[in-house]
Amino acid sequence: MDYGLRDRAVLITGGARGIGFAAAQMFAAEGARVALVDIDQAAAEASAARLVQGGAQAIGLGVDIRSAEQCTAMLQRAEGALGPLGVLVNSAAVLDDKTFLESSPADWKRMVDVCLFGAMNVLHTALPGMVERRFGRVVCMASDSFRLGQARLSYYAAAKAGVVALVKSVAQEVGGAGVTLNIVSPGATNTELRQTREAGMRASMGEEKYARRVKSVLKMYPTGRIGEPADAASAILYLSSASAGWITGQVLSVNGGFTMA
Ligand SMILES: NC(=O)c1ccc[n+]([C@@H]2O[C@H](COP(=O)([O-])OP(=O)(O)OC[C@H]3O[C@@H](n4cnc5c(N)ncnc54)[C@H](O)[C@@H]3O)[C@@H](O)[C@H]2O)c1
Numbered sequence: 534m535d536y537g538l539r540d541r542a543v544l545i546t547g548g549a550r551g552i553g554f555a556a557a558q559m560f561a562a563e564g565a566r567v568a569l570v571d572i573d574q575a576a577a578e579a580s581a582a583r584l585v586q587g588g589a590q591a592i593g594l595g596v597d598i599r600s601a602e603q604c605t606a607m608l609q610r611a612e613g614a615l616g617p618l619g620v621l622v623n624s625a626a627v628l629d630d631k632t633f634l635e636s637s638p639a640d641w642k643r644m645v646d647v648c649l650f651g652a653m654n655v656l657h658t659a660l661p662g663m664v665e666r667r668f669g670r671v672v673c674m675a676s677d678s679f680r681l682g683q684a685r686l687s688y689y690a691a692a693k694a695g696v697v698a699l700v701k702s703v704a705q706e707v708g709g710a711g712v713t714l715n716i717v718s719p720g721a722t723n724t725e726l727r728q729t730r731e732a733g734m735r736a737s738m739g740e741e742k743y744a745r746r747v748k749s750v751l752k753m754y755p756t757g758r759i760g761e762p763a764d765a766a767s768a769i770l771y772l773s774s775a776s777a778g779w780i781t782g783q784v785l786s787v788n789g790g791f792t793m794a
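Numbers given in my numbering equal positions in the sequence shown, counted from 1, plus 533.
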């Protein structure tokens, strides 16, 4: 399938690693020009260097998406280097592992600042140019915890539910200008984000209880495995393609059958 991504300028927040970087590799393989944006500047630059070594046009930028000013500078630098933005992927996020009653307002603020307010900053920065040029593809990452709720992830799930509502609403506002916005909503996916949380659980539960947890998690996935970054990245690529112009405001779960609603 030709995704129509050749020479398209693509910006990926949280692109230094995980699902964002897996998507970046696929965009690069399609001939797109890629800006990897991450709060970890060194990691963003190192990941961009990997793409450049593979023959792609790519840059890495250190940006904290919680800052509107940094997002404005991000767009200027990305477009200065790669041309007008055609695709935006918002993958940056943080995670936590606390019950709601264990958590504090500082925990909720950190989560909402990155996962919801950050998404607003990034969309608010990138959309005007897309609307003016009458073309854009935007993909934001949610999590299937927003559909079902999930113990120990309450404020993460709440922030992701906010992103879904944001994307559906803005999709209605800019659809007439040729700009689509969609959500990819992964189930458990094998990235550093998940690995860090799992390592914490393993340490606190002990080996035996943790082994039982791993088994019971796998039972929730009819496909018998958790996801790999490429699983979600493939969906991001499709929703960013030229052919996906009549898909907007949708939530695509990439979850091995974890939820089917
Ligand atoms: N991995 C999973 O199991 C899973 C499940 C459901 C949803 N998701 C979602 O998928 C997306 C990608 O997740 P991942 O597992 O690849 O995560 P990851 O932690 O591997 O990558 C996220 C990146 O975001 C960056 N980041 C964090 N805060 C930032 C900020 N303020 N500004 C800029 N960059 C920032 C991090 O440095 C990191 O490189 C996230 O939105 C996540 O919520 C992941």
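Cβ atoms here follow ideal geometry from the backbone N, Cα and C, with glycine treated the same way.
Note that the structure is a prediction, hence the values are computed from the model and not measured.
Worksheet item: Considering only C-alpha positions, which residue in the set F791, A794, L772, L785 is nearest to M534?
Response: For the purposes of this step, residue 534 is identified with residue 1 of the sequence shown, where counting begins at 1. For M534, the closest of F791, A794, L772, L785 by C-alpha to C-alpha distance is L772.
Worksheet item: Which stretch, first to last residue, makes up the alpha helix (DSSP H) that contains N654?
Response: As a position in the sequence shown, residue 654 is number 121, starting the count at 1. Unbroken alpha helix (DSSP H) run through N654: 651-666.
Practice prompt. Measure the alpha-carbon distance for A659 versus A721 and round it to whole angstroms.
Written response: Working through the sequence shown from its first residue, we reach residue 659 at position 126. Working through the sequence shown from its first residue, we reach residue 721 at position 188. Here the alpha carbon of A659 sits roughly 29 Å from the alpha carbon of A721.
Worksheet item: Which whole-angstrom value is the C-beta distance of S624 and T546, which I expect to be below 8 Å?
Response: One-based indexing of the sequence shown puts residue 624 at position 91. One-based indexing of the sequence shown puts residue 546 at position 13. Under the criterion of beta carbons closer than 8 Å, S624 and T546 qualify as touching, at roughly 6 Å.
Worksheet item: According to DSSP, what are the bridge partners of M674?
Response: As a first step, residue 674 is located in the sequence shown; it is residue number 141 there, counting from the start. DSSP, once it has assigned bridges, lists V717 as partnering M674.
Item to complete: Report buried or exposed for D764, applying the criterion of at least 16 other Cβ atoms within 10 angstroms of its Cβ.
Response: For the purposes of this step, residue 764 is identified with residue 231 of the sequence shown, where counting begins at 1. Taking all protein chains shown into account, D764 has 16 or more neighbouring C-beta atoms within 10 Å of its C-beta and is therefore buried.
Worksheet item: Are the Cβ atoms of G588 and E578 separated by less than 7 Å?
Response: Residue mapping note: residue 588 aligns to position 55 of the sequence shown, counting from 1. Residue mapping note: residue 578 aligns to position 45 of the sequence shown, counting from 1. No.
Worksheet item: Which stretch, first to last residue, makes up the beta strand (DSSP E) that contains V627?
Response: Indexing the sequence shown from 1 puts residue 627 at position 94. Where V627 is concerned, there is no enclosing beta strand (DSSP E), given that its DSSP letter is neither H nor E.
Worksheet item: What are the boundary residues of the beta strand (DSSP E) that includes S834?
Response: Past the boundaries of the shown model lies residue 834; the chain is included only from 534 to 794, so the question cannot be answered.
Worksheet entry | Nearest candidate by alpha-carbon position, reference V543, set V747, R666, K748, A565 | The count along the sequence shown starts at 1 and reaches residue 543 at position 10. For the options V747, R666, K748, A565, the alpha carbon positioned closest to that of V543 is the one of A565.
Discussion item. Under 8 Å, with one C-beta from each stretch per pair, do the stretch 766-780 and the stretch 690-699 reach the 3-pair mark?
Written reply: Too few Cβ pairs lie closer than 8 Å, so no.
Discussion item. Do S774 and S718 count as a contact pair if the criterion is CB distance below 7 Å?
Written reply: Translated into positions along the sequence shown, residue 718 becomes position 185. Translated into positions along the sequence shown, residue 774 becomes position 241. Taking 7 Å as the Cβ cut-off, S718 and S774 do not qualify as a contacting pair.
Discussion item. I believe L656 touches V671 by the beta-carbon criterion, under 8 Å. Please report the beta-carbon distance rounded to the nearest angstrom.
Written reply: Translated into the one-based positions of the sequence shown, residue 656 becomes position 123. Translated into the one-based positions of the sequence shown, residue 671 becomes position 138. Going by Cβ atoms, the distance from L656 to V671 rounds to 7 Å, so yes, they are a contact pair.
Worksheet item: For I780, which residues does DSSP report across the bridge?
Response: The sequence position of residue 780 within the sequence shown is 247, counting from 1. DSSP lists no beta-bridge partner residue for I780.
Worksheet entry | When A639, N715, M653, V620 are compared against S600, the one with the closest alpha-carbon | Numbered from 1 along the sequence shown, position 67 holds the residue referred to as residue 600. Each of A639, N715, M653, V620 was checked against the Cα of S600, and the nearest Cα belongs to M653.
Worksheet entry | C-alpha distance - E665 paired with A710, whole-angstrom precision | Here residue 665 refers to the residue found at position 132 of the sequence shown. Here residue 710 refers to the residue found at position 177 of the sequence shown. Roughly 8 Å separates the two Cα atoms.
Fill in: Contact belief for L751 with G757 at Cβ below 8 Å, rounded distance in angstroms
Here residue 751 corresponds to residue number 218 of the sequence shown, with the count starting at 1. Here residue 757 corresponds to residue number 224 of the sequence shown, with the count starting at 1. The pair is a contact, with the Cβ atoms about 7 Å apart (cut-off 8 Å).
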